[in-house]
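A.B. asks: In the numbering used here, the protein residues as written are 33 to 147.
Yeah, the Cβ is synthetic: ideal placement off N, Cα and C, and Gly gets one too.
(1) For the structure I just gave you, are there three or more beta carbon pairs, one from the segment 38-51 and one from the segment 128-135, closer than 8 Å?
(2) For residue 65 and residue 140, what's the separation of their Cα atoms in angstroms?
(3) Within 10 Å of its beta-carbon, does residue 105 have 16 or more other beta-carbons around it, so buried, or fewer, so exposed?
(4) Alpha carbon to alpha carbon, how far is residue 83 from residue 59?
(5) Using the three-state DSSP reduction, which class does residue 64 fall into: helix, strand or coil?
(6) Please report the straight-line C-alpha distance between residue 70 and residue 146, rounded to a whole angstrom.
(7) In three-state DSSP terms, what is residue 93?
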């Protein structure tokens, strides 16, 4: 059974930084894209960033210049470095992975940006 487990969320002041991590485990073959989404209560889940197996990255306009996505293919981990955090970044952040034609989600980690 494939599992995605996020970590690294928490409470941070505006302008601060956090690093989210997501570990994929289980019977995984040929991971394609790994990425991050976020969701605020009452709103649709929003794409934040993703990275291909070859290292190509994409970032939403709202986080460009502040967030960086990276991955460790040997360990099946994906990271989201978040700098200059703003209150509007407050959300539950979800890890997402496509592998062997299937889609997997993590359980989410809360990020709260507040003074």
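C.D. replies: The answer reads as follows:
(1) no
(2) When the Cα atoms are used, residue 65 and residue 140 turn out to be separated by approximately 18 Å.
(3) So residue 105 ends up on the exposed side.
(4) Computed Cα separation, rounded: 21 Å.
(5) strand
(6) So the alpha carbons of these two residues sit roughly 17 Å apart.
(7) coil
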